Each structure stands twice: as structure tokens, then as C-alpha cells.
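First the structure, in the form of C-alpha cells, and then the observations on it.
Protein chains in written order, with the numbering used here: chain R, 1 to 283; chain S, 1 to 290.
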């Protein structure tokens, strides 16, 4: 009896989880199905057909030839790559004194940093844009300045600083003392002793910064004026305008743009789903 | 401990981050407040100081009330789903059954994929002759203009936010569930409590701080939605799906009405600041203590 009960409960749980999983991926599957349908197959037919009658890659080829996906991909890589590197360096630089040193104004700096977590970017984006304009960090000046304008406002945030600070706090102080006795200066202590010990946290920060930067849409769509610097999300949104009624192309383009992040996710999945992102909550 | 660094060293370490935070957080923060007292509408190159006129204009504008109301609706519809659904799913996933990793990957997938792609995917589901209207047809219901009917467009957009957030909050719950003491469950099983009683008496009390955290975090992010609306409806039809960030975007970057946009930004700032302070004092105070 009891066995039957646990068994049917397990069945119920599997059934629910399968349903939730399907709901989670169905919108993408339907997009994929549409992308695989050829020009002679009606994508609006009732009842809808999930499996294309004669699947074709024609839409993928067509949209690939008209949209410079490789360029958008490279732009996204440049922006996300530099954003990650800057976040890792600046966060762990700032976190070190906040975790380990005594200095005048520490309290003020600590709470000022904390306060920035509470400022939503959406509420200050207009002045940020005006500042970026004033500093000539826009793509109308040149590409490099354009990239800088995309990257620099997101080069560090309080969330990352506090994450690194937590990691430094967990390291025993004796480590630094020993290193100092051995003749390390303070920069070497940070670089050679502390950073290697917080690698797992650095990895978490890197991955979540990467995902955030890779998916960012609002900021690039505000600052960019030239297609040459479009990142993938901006390029994908552009599909709608270019192929207004051609849902096969829009679907195919959207799928293509998703492949890189999908590969990244599968490769790094343990960081996302094993609970290692504990404390990596971003508002 | 022996001081092994010179007095100026801490500031040296803080300097690069401080420059960025100053330039892109603090200055813009104060500039938003300053701009909100100026009128840019008459002449964008020679703004006039108008004290509270922008705020008064906002409070007189029916569209702004509509926007605030929509933002409020967004919050009270999306947040309960984002608090409850992920919790139930997390409890179901937190068992020793097969295929857990696959379930987690699939349910987390919407979090990873760009919100632009997600919005496009839903736009396709919502199409007039799309698959959702086919489902309505099967249920003998009339077809709905999911994104084109002012009665529905806001809720259609909210659904995308909910769908995209479930995996994220599920992971937060899952890491909290790991810390529930196992022996409490065992005690329950010895007492013969059924699973529902077990979760109500053991899991729920243990997760209360996490539930509070998810409530605050999802509320704050509901205040900040933009991309879903931008990609799917542009706030329409008839402002039916326009929320505050989209309104700010429109006034600032399409109408170049910097003063009004800044006044609306200050209102958003105040709301989010209050929510964040609540969140920090109630739920996230451990990480952020000196």
C-alpha cells in the first residue's frame, strides 16, 4: 500500500515536472518548428502542424545571408568579454580593502556602495547617456569609443563588490600575515594569495556578469547609432523591422542568435543549476 | 593585526571602482533629480528652471496615471505567480527522483535566453492566426487579440515576464531548500504526516525569509520591465501595456522631453528605493553588514 502510494506520488511529480519543462521550452520549439517550414508550407494553417512536412534549412540560410550574425556575435563577445574582465578586476580590487583593511571613511564608502544597489539603472539611464555623450564614448565618434560606451557604465557594480567581499572575509587572516612575512607587498598579497583562493566566487561572478551583459538590450539600443556595433539582442530585435511579415526568417534568425548562449549554458550548467550560485541574487 | 600596508593603499584599491560608480551611478542619480526641475520642452539647448512644474504636469496627465496603474497591475499580477509557482516547482524538484538535472536545465532555459528572443517567441504564439488562438478555437472561445486588444495586451506581456522568471526564482528556492534540516522531515515521516502537511509545517516556516526575499526581488524587477513591452507592444494599444520604464524611455529618447522623463524617473527612484530598503532591512541584511 505504502509502496503504491510513493510510486503514484513519484508518477504525479514526474508528470507535473514534464508539463512545466514543456511549457518552459514550448515557445522556442514552436519558433524552431516555424523556422524549419519551407516556403510552400502554410505556417498559419489550422490546425497547426508541429512537425514540418519537409523540414528545410532554407530560412536559416536566407536570414544568414542578409543579417551579419557573425559581426553581431563578435560585438557581443567584445562587449561581454571586456565587461566580465573589468568586473572581475574592479570588484575584487575594491572588495579587498572593504573586507580586510581599516581606513578613514570606510563606513561612508561601504554604505555609499550599498546605496548604488538600490538605484535602478532604468531611472538614471538618461543622465548616464548624457555623460557618455559628453565623454564622446559613442559609435558616431568611432568604433572603439562606441565599444567603450557600451562597456564602461557596466564595468563594476556594488553587487559584484559585495560578492567578492564575502569571499575575502572567509579567508583566514593568517594567510596574509604569512605572505607579508615572506616579503610580499600588499598588491602581491591580493594578486598571488587572495585571488587564487576565491576562484570559485570569481567564476560565479564571471558567469552571471557574462549572461547579464550578453542579454543586455536597453542600453545598447539607446547608445548605438550604427549597425556595425549592434550586439546580438539589438540585431535580433531588428529582424522584426526587416522581415515584418516573414515569420520564417524572424524565427530562424532568433534561433541562430540563441545558439551561442545555449552552448555556453550547457557547458557551464553546473554553475547555474547546482545551487552554487548561492548568494548570487541580483535585483 | 599588524598593519602591513601604507595609509593610502586602501584608497588605491578602491579608486577604479569608485570612478565608475561615481561617473555612472552617483552623478547620474543627482543629475536625474536636478533635470527634473528643468523644462527642456521649449528649447532643448536652453533649459529653463521650472521648479516643480514637471511633477505637476505629470500628476495632471491621465496617461501618467494610466502608466502608474499599469505598473501596479504588473506588480500585483506577476509577483504572486513568481513567488508561488517557483516554490512549488522547487519542492517537487528537491526530491530524489530521476532526471532532476534535465528538468532543472529545461526550466532554467528561459532565464538564459535573451529576453528579446523570448518576446519574439511569444509574439509568434500570440499572433492573430497563431497557436494560442487555435487553442481558444478548440475550447470554443472566440479568438483574442492578445497583443492588439487593450483589454488583454498588458496581461499578455506580464505572462512573458512570469514565464521567464520562474526558473530563476526556482533556483533561489532550491538553494534555500538545501538548508532545511533533514531530521525534521524524518520526524514528520515517523509521525506519519502526509507530504502536504510536511511541507506546510516544516518547509514553509523554514523558507519564510526566502519567500520574503523573492517577493521583494520580483517586485523590484517588475517595476523595471522594459524589453518585453518594447519588443511586443511598444506600450500599446492606447497605452494599455505602458509601464513606467517604457514611459520614461519614450519621453526621454523619443520625445526628448528630458525634464518630464526625469521627473518620472525620480518617482521610479523613490518607489524602488523604498522597496530596496525594505528588502535589505528585512531579508538581505547578512551579506551587507559591515
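Cβ atoms here follow ideal geometry from the backbone N, Cα and C, with glycine treated the same way. Fair warning: this is a prediction, and the values are worked out from it, not measured in the lab.
With distances taken between CA atoms, residue 10(R) lies nearest to 195(S) out of 221(S), 195(S) and 14(S).
Residue range 153-177 is occupied by the alpha helix (DSSP H) that includes residue 166(S). Here residue 28(S) really is in contact with residue 127(R); their C-beta atoms are around 4 angstroms apart, less than 8 angstroms. DSSP places residue 87(R) in the uninterrupted alpha helix (DSSP H) bounded by 69-100. Contact check for residue 263(S) against residue 54(S) passes: the beta carbons are separated by less than 9 angstroms. Shown here for residue 95(R): same chain residues with a beta carbon closer than 7 angstroms to its own, the five before and five after excluded, namely 161, 164, 165 and 168 in chain order.
Taking a Cβ-Cβ threshold of 8 angstroms, none of the residues of chain S is close to residue 192(R); the smallest such distance is about 14 angstroms. Nearest CB-CB separation between residue 72(R) and chain S: not below the 9 angstroms threshold. By the 16-neighbour rule on beta-carbons within 10 angstroms, residue 66(R) is exposed. A straight-line Cα-Cα distance of about 15 angstroms links residue 269(R) and residue 175(S). Residue contact check for residue 16(S) against chain R: a CB pair falls below 9 angstroms. In chain order, 82 and 218 place their CB closer than 7 angstroms to the CB of residue 165(S), counting only its own chain and leaving out the 5 sequence neighbours on each side. Secondary structure of residue 39(S) (DSSP, three-state): strand. Contact with chain R is absent for residue 59(S), since none of that chain's Cβ atoms lies less than 9 angstroms from the residue's Cβ. Taking one beta carbon from each stretch, the region 243-252 of chain R and the region 54-73 of chain R have 3 or more pairs nearer than 8 angstroms; the two touch. At a Cβ-Cβ threshold of 9 angstroms, residue 213(R) and residue 116(R) do not count as neighbours.
By the criterion of at least three beta-carbon pairs nearer than 8 angstroms, the region 210-229 of chain S is not in contact with the region 26-45 of chain S. Non-local C-beta neighbours of residue 180(S) in its own chain, meaning closer than 8 angstroms and more than five positions away in sequence, comprise 202, 203, 206 and 207, ordered along the chain. For residue 49(S), the pairing in a beta bridge is given by DSSP as 38(S).
Residue contact check for residue 128(R) against chain S: a CB pair falls below 9 angstroms.
The C-beta distance from residue 151(R) to residue 86(R) rounds to 7 angstroms, short enough to fall under 8 angstroms. Taking every protein chain shown into account, the CB of residue 249(S) has 16 or more other CB atoms within 10 angstroms, so this residue is buried. Selection 169(S), 153(S) and 155(S) evaluated against residue 109(S) yields 169(S) as nearest (Cα-Cα). Out of 272(R), 236(R) and 273(R), the CA that lies nearest to the CA of residue 259(R) is found in 236(R).
For residue 271(R), none of the residues of chain S pass the 7 angstroms Cβ criterion, the least Cβ distance being about 11 angstroms. When CB distances to chain R are screened at a threshold of 9 angstroms, the residues of the region 29-63 of chain S falling below it are 29, 30, 31, 32, 34 and 35, in chain order. By the Cβ test, the region 145-158 of chain S is in contact with the region 120-131 of chain S, since at least three Cβ pairs between them sit closer than 8 angstroms.
The contact set of residue 224(R) on chain S, defined by CB atoms closer than 8 angstroms, is empty, because the minimum CB distance reaches about 12 angstroms.
In chain order, 129, 134 and 137 make up the part of chain S whose C-beta sits under 8 angstroms from the C-beta of residue 46(R). Burial state of residue 125(R) is buried, judged by a 10 Å Cβ sphere holding 16 or more other Cβ atoms. Within the region 145-178 of chain S, those residues whose Cβ lies closer than 8 angstroms to any Cβ of chain R are, in chain order, 163, 166, 167, 171, 172, 174, 175 and 178. Separation of the CB atoms of residue 269(S) and residue 123(R) is rounded to 4 angstroms, and the pair is thereby assigned contact status at 8 angstroms.
Residues of the same chain with a CB within less than 7 angstroms of the CB of residue 250(R), apart from the 5 flanking positions on each side, are 239, 240 and 243 in chain order. Counting only runs of 4 or more residues that sit fully inside the region 186-225 of chain R, the alpha helix (DSSP H) segments are 199-215 and 218-223, in chain order. Proximity of residue 241(S) to chain R, defined by a Cβ-Cβ separation below 9 angstroms, is not satisfied. For residue 223(S), the three-state secondary structure derived from DSSP is helix.
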